[in-house]
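Notes follow once the structure below has been shown.
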Amino acid sequence: MKTVFALTLALLAMVPAARADDEKPYKVENGKVDQATFNGYRRYGNSCLQCHGPDGAGSSYAPNLTESLKHLSHEQFAETVINGRQNISSSQQNVMPSFGHVEDVVTYLDDIYGYLKARSDGALGRGRPERIGR
Amino acid sequence: MLRRVALACALAVTATGASANPELLRMQRDPNQWVMPNGNYASWRYSELNQITRENVGNLKPTWQFSTGVLRGHEGGPLVVGEVMYIHTPFPNRVFALDLNNPGRVLWRYEPTQDPTVIGVMCCDTVNRGPAYADGKIILSQADTTVVALDAKTGKEVWKVKNGDPAKGETATMAPMVFGDKVLIGISGGEYGIRGHVTAYNLADGKQAWRAYSVGTDEDIKFDPQKTMSMGQPVGANSSIKTWEGDQWKMGGGSTWGWFSYDPDLNLIYYGSGNPGTWNPVQRPGDNKWSMTIFARDATTGVAKWVYQMTPHDEWDYDGVNEMVLVDNLQVGNQRVAKALVHMDRNGFGYTLNRENGQLMVAQKFDPAVNWATHVDMETGRPQVVSQYSTRAQGEDNNTKNICPAALGTKDQQPSAWSPKASLLFVPTNHVCMDYEPFRVSYSAGQPFIGATLSMYPPQGSDNLGNFIAWNPGSGKIAWSKPERFSVWSGALATAGDVVFYGTLEGYLKAVDTKDGKELFSYRTPSGIIGNVNTFTHKGKQYVAVMSGVGGWAGIGMAAGLQGESEGLGAVGAYKSLSDYTQLGGVLTVFALPN
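Line by line, the protein sequences give chains H and P. Note that the working numbering has the first sequence beginning at 1, numbered continuously upward. Note that the working numbering has the second sequence beginning at 135, numbered continuously upward.
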């Protein structure tokens, strides 16, 4: 894993900066976002916010996703949302339900990921983002 | 007065065969015990005990503590029956019977086996507001909606019944209430498109006696079109379903997760219903009856005597579930109301009604920041909504800004305390506003059905997120208001010692003077307090008890605070995240004056 990560970093270092930006799952210009990222923000508000808190910042009972996405890959993120996750011990009872059959989540999974990744990368601040071209 | 109620109650028992539970009625009048979550059937949270006074409360000291071993938000509070204290926890819903003769010694411990998937469908933490006591039983309403009666002496199961289905998003957080030979319980899940109901079970064997929905056909909601009244008129046929488009009432919400009150003399049960269906009002045209409604139901049959809908066609998530405080002989203007009901609603209005017939007497704002409506029309009972703050008028995909209060309301479930001595209601409140943007969502059973995105922050010009206030329910005016850094999410306790107690999210238990709110005592418990304070005596000495353990909806601001500091509202750093002040952990603390 470490090797792969190092390799990716090396590759990233070689490609021009603009190219790396293109690969980001979101688009942020002057604090404004594209429609997909905005949709991700809203879908997050419907299905995720009750536990993970406003702006992905976490709560007393669910993790801060702006932190989680610093080490979760897109695939791991998708896997967790679709299948859910349970972390039950004598001191913690954390349960994330499976969203695999929820239309509003599965359809917009990449939008939600893009929004949270923008938050996690520090590209997007808290609150409701404005849309580009509005 | 007490004697008159007792007599009326005795008469009612002979007349109808069901009424107050005589043992419970006797015990709740004994200030040495604390046998109901809100103190008595009238939800007063008041104690006649007066060893602790405004003069000596400053000397109060913690005498013993007990950790529950559970981290999540601890709402509700201890019960004290004889020489035993009963405490409970959020999921996994442990119950401990503690020996007051040997403080903290566990007499028995109960932990149900529950499928943990229920945790994933509890909207705002896995809180539980406590069990009920009656007839030698402790009745617990578990997260997964199992209602279980335990032998109060041994903790052994006597009966069990399932009240709902978590696969549909139905869960339980509220405390049951016992009246006569029945136990009454509601249901949570307003964010999952459930259809709320209250259900009475036989105390002896758990058999269902009646169930009444908040929304649905006249039969389902137990309305008599000719006899059930609203604003002085019979409600007429199909009063609920005709206020919904098509079949939307089937996912109509109106969950019943707050508190119950009971008037043994009138044999009426009082409670409120929560938000209608999705939070997107555009998607559900109509008044959405009977969400956001105060219900008065006959305790024996469940049939509604009167209803009052506070927030028709909700556009802000102002659930109407907060406690109903039953006040007697209240002076309202030039009238003396023998039987009043006082309700401090999420929507920011404090209501006083005649609880015999539902007549609206007072409806006034209890936070000056409230702006979504100018006033309540006293003829129609309808709030006069300000278009600028109407998320329906501003429409789908538009961000309606600066609405006060926020969705968590000027006050949430944290119960107030009524002092008959001071003739004031002491109310823990939130001082939070919001932006709200509704959008279209599809319904899927057991999945969030919200359809709105929110940001919350303190009102412009404020640097506090809460106030603890004294309210005059006769005049509809604030007597005094004490600012708090965070929302006050703890149930209050008033006593004949002229002090009122409450907890704060940072974890302080505070005592203030009933006459002016002056702080007389404060002690920092191990975690933020969202539990309710009680008092009792043991071997003649007065104690005060409260559960710490931050969480609940308040816990949502735990990680990062409600407002991004970058957005520059209010004083910089004034609302640093709650995690800078407290961490999780359920602990009971019992206080007393030094010997």
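Note that beta-carbon positions come from the ideal geometry of N, C-alpha and C, so glycine has one too. Keep in mind the model is a prediction, meaning the values are calculated, not measured.
- Valine 81/H has a beta carbon lying at 9 Å or more from every beta carbon in chain P.
- A direct Cα-Cα distance of roughly 43 Å separates valine 229/P from glycine 420/P.
- For glutamine 469/P, the beta-bridge partners assigned by DSSP are Val466/P.
- The alpha carbon of glycine 625/P has as its nearest neighbour, out of Ile663/P, Lys195/P, Phe573/P and Thr260/P, the alpha carbon of Ile663/P.
- Contacts with chain H at 9 Å (Cβ-Cβ) do not include leucine 599/P.
- Note on asparagine 30/H: under 16 other CB atoms within 10 angstroms of its CB, so exposed under the neighbour-count rule.
- Note on alanine 306/P: 16 or more other CB atoms within 10 angstroms of its CB, so buried under the neighbour-count rule.
- Counted as a single uninterrupted DSSP element, the beta strand (DSSP E) harbouring aspartate 285/P occupies residues 280-285.
- Across the structure, histidine 331/P and lysine 316/P are spaced so that their CA atoms are roughly 16 Å apart.
- Between aspartate 358/P and alanine 628/P, the alpha-carbon positions lie close to 39 Å from each other.
- Cβ-Cβ separation between leucine 318/P and tyrosine 267/P: approximately 14 Å, too far for a contact (criterion under 8 Å).
- A check of alpha carbon separations from tryptophan 178/P across Leu402/P, Glu457/P and Val240/P identifies Glu457/P as the nearest.
- Serine 615/P is positioned such that its CB atom lies closer than 9 Å to that of asparagine 601/P.
- One thing to note: threonine 362/P has its Cβ no nearer than 9 Å to the Cβ of tryptophan 344/P.
- According to the DSSP assignment, glycine 238/P belongs to no alpha helix (DSSP H), since it is labelled neither H nor E.
- Contacts with chain H (Cβ-Cβ distance below 7 Å) from the region 190-206 of chain P involve Leu205 and Arg206, listed in chain order.
- In this structure, glutamine 248/P places its C-beta atom within 9 Å of the C-beta atom of phenylalanine 225/P.
- Look at the region 24-77 of chain H and you find no whole run of beta strand (DSSP E) that is 3 residues long or longer.
- Of the candidates Ala472/P, Met426/P, Leu558/P and Glu449/P, Glu449/P places its Cα closest to the Cα of serine 521/P.
- With respect to chain H, the C-beta atom of methionine 681/P has no partner C-beta closer than 9 Å.
- Contacts between valine 33/H and chain P, judged by CB atoms closer than 8 Å, are missing: the closest CB pair is about 14 Å apart.
- A Cβ-Cβ separation of about 7 Å places alanine 726/P in contact with lysine 195/P under the 8 Å criterion.
- Between serine 550/P and methionine 495/P, the C-beta gap is not smaller than 9 Å, which leaves the two residues out of contact.
- For isoleucine 88/H, the chain P residues whose C-beta falls within less than 7 Å of its own C-beta are Pro250, listed in chain order.
- Nearest to glutamine 469/P by alpha-carbon distance, out of Leu487/P, Val510/P and Thr223/P, is Leu487/P.
- Residue state for proline 171/P is assigned as coil, using DSSP reduced to three classes.
- For glutamate 325/P, the nearest CB of chain H lies under 9 Å from its own CB, placing it at the interface with that chain.
- Within its own chain, the residues whose Cβ lies closer than 6 Å to the Cβ of serine 181/P, once the five positions on either side in sequence are excluded, are Pro165, Thr629 and Thr669, listed in chain order.
- Under DSSP, glycine 637/P takes part in a beta bridge, and its partners are Leu643/P.
- Interface criterion not met: the Cβ of glycine 133/H is under 9 Å from no Cβ in chain P.
- As summarised for the region 195-230 of chain P, the continuous beta strand (DSSP E) elements at least 3 residues long and confined to that stretch are 195-201, 213-215 and 218-222, given in chain order.
- DSSP places glycine 406/P within a strand segment (E or B) once states are collapsed to three.
- Interface residue (Cβ-Cβ distance to chain P less than 9 Å): glutamate 29/H is not classified as such.
- When the alpha-carbon of arginine 263/P is set against those of Arg206/P, Glu618/P, Val519/P and Val191/P, the nearest one is in Arg206/P.
- Leaving aside the five residues that flank glutamine 676/P on each side, the residues in its chain whose CB is nearer than 6 Å to its CB run, in chain order, Leu183, Gln185 and Ile186.
- For tyrosine 577/P, the three-state secondary structure derived from DSSP is coil.
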